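What follows is a set of notes on a single structure, which appears directly below.
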Amino acid sequence: MQHSILIAGGTGLIGNLLSSTFEKAGHTVFILTRNKALCADEKYRWWNPDQDEISEHALEGIDVIVNLCGAGIADKPWTAKRKQELLDSRVKPANLLFKTAQKSGKIKQYISASGINCYTVNTPNQVNEEDAYGTDYLSRLVHEWEHAALQFEELCPVSLLRISAVLSEKGGALKKLKPLFKWGVGSPLGTGKQPFTWVHEKDLVHAILHISENQLAGAYNICGKTVSNKIFSQALAQSVKRWMLPVGVPSFLMKLMLGEMSEMLLNGVNTNAEKLKGTGFEFEFEEIEKALS
Ligand SMILES: NC(=O)c1ccc[n+]([C@@H]2O[C@H](COP(=O)([O-])OP(=O)(O)OC[C@H]3O[C@@H](n4cnc5c(N)ncnc54)[C@H](OP(=O)(O)O)[C@@H]3O)[C@@H](O)[C@H]2O)c1
């Protein structure tokens with residue numbers, strides 16, 4: 004069945020690729036953006052969730068909403084002000100979409116971006132969607148983000164995309180790390196033993212298409228096979244045909260440079276995507292070496 008899909012925050016890294024994936028599959032896509040200039044094109048619709056403003060026809064003809072909004076978690080140090088921005092840029096858009104969807108009464112599925120960093124970190128055994136939220140900053144952020152998304156359960160099935168670090172040439176972790184490895188100065192971070200969860204951009208958008216077309220409700224981890232930070236760094240060095248520095252960047256130095264944000268790199272979630280695979284989804288890139296090559 005073909006859908007009319009509104010992607011909120013669809014102008015970013017994931018949104019761009021997702022939009023063309025949905026279109027190739029025969030769905031009609033509209034993008035909800037704060038960028039008024041883009042709205043000269045009828046594919047784009049305007050809103051400003053910070054001011055609680057949204058175009059009157061934002062949800063016109065729409066039956067599925069995908070919400071990818073959120074200020075970049077790794078873009079700026081986690082000061083108290085930045086933490087508020089990270090929260091507001093996720094919760095306020097969800098709240099405004101919910102209020103608007105209540106009036107439209109036509110939404111059949113709400114799909115929300117979320118993060119894999121919602122579990123207890125560095126566990127020896129793998130955690131999964133059945134497990135409780137962790138207690139660190141990112142877990143608490145994801146908890147509130149998902150809580151805002153779950154308001155939609157009053158109206159339709161809700162899907163929570165627990166996305167891991169997206170491997171893409173166009174942005175995210177890989178774009179920042181690859182030049183360092185190309186220059187031969189790449190190395191593991193901290194002890195290198197912490198888990199690293201990742202997903203190839205192609206698998207991510209195909210997983211979102213699968214979740215949408217099969218109306219899968221609930222939380223889904225979207226990740227390839229978890230590796231240690233050291234194995235990831237080795238695979239990245241190999242993919243650019245360079246050696247990796249044998250000594251990791253010391254944890255204290257990372258804490259000094261990045262403050263609390265260093266937690267994101269020095270800790271990791273040991274998890275898997277068995278639940279998603281159990282619904283019939285097949286990853287093209289499950290092994291880190293294949294994804295990076
Ligand atoms: N990329 C990753 O590795 C990764 C991993 C895990 C989770 N995620 C999550 O997946 C979602 C999409 O990721 P992405 O990499 O595509 O992010 P992105 O490139 O930064 O795009 C996010 C979009 O969100 C919108 N946005 C930003 N701040 C906003 C605000 N205050 N109010 C409303 N909209 C706002 C922007 O759209 P406009 O400027 O057009 O309004 C932007 O294009 C994010 O929520 C992110 O946290 C990403």
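Its first residue numbered 4, the sequence shown is counted upward by one per residue in the working numbering. We put the CB at the ideal spot given by N, CA and C, even for glycine. Bear in mind that the values here come from a model prediction, so they are computed numbers and not experimental data.
| Asked | Found |
| --- | --- |
| Where residue 122 falls: helix, strand or coil (DSSP) | coil |
| Three-state secondary structure assigned by DSSP to residue 223 | strand |
| Residue 165 - partner residues in DSSP beta bridges | 117, 224 |
| Assigned secondary structure, residue 9 (DSSP; H/G/I helix, E/B strand, else coil) | strand |
| Cβ neighbours of residue 246 in the same chain (closer than 8 Å, five flanking residues each side left out) | 187, 240 |
| Option nearest residue 228 by Cα separation, candidates 181, 213, 217, 286 | 286 |
| Residue 140 at chain B interface by Cβ criterion, 8 Å | The structure shown contains no chain B; it is built from a single protein chain. |
| Touch test, the stretch 152-170 against the stretch 201-216, Cβ-Cβ under 8 Å, three pairs minimum | yes |
| Residue 90: CB within 7 Å of a non-hydrogen atom of ligand 1 | no |
| CB of residue 271 within 8 Å of CB of residue 199, strictly | yes |
| 3 or more residues per run - each beta strand (DSSP E) lying fully within the stretch 23-60 | 31-36, 47-51 |
| CA-to-CA distance, residue 114 to residue 215, given in whole angstroms | 8 Å |
| Buried/exposed call for residue 256, threshold 16 Cβ in 10 Å | exposed |
| Simplified DSSP state of residue 81, which is helix, strand or coil | coil |
| Simplified DSSP assignment, three categories, for residue 254 | helix |
| Residue 232 versus residue 20 - alpha carbon distance | 26 Å |
| Under the three-state DSSP convention, the category residue 182 falls into | helix |
| Those residues which DSSP pairs with residue 148 across a bridge | DSSP lists no partner for residue 148. |
| For residue 200, three-class secondary structure by DSSP | coil |
| Bounding residues of the beta strand (DSSP E) (the contiguous stretch that carries residue 110) | Counting along the chain, residue 110 falls outside any beta strand (DSSP E), and DSSP gives it neither H nor E. |
| Given residue 2 as reference, the closest of 94, 37, 78, 196 once Cα atoms are compared | In the structure as shown, the chain starts at 4 and stops at 296, and residue 2 therefore has no counterpart that could be examined. |
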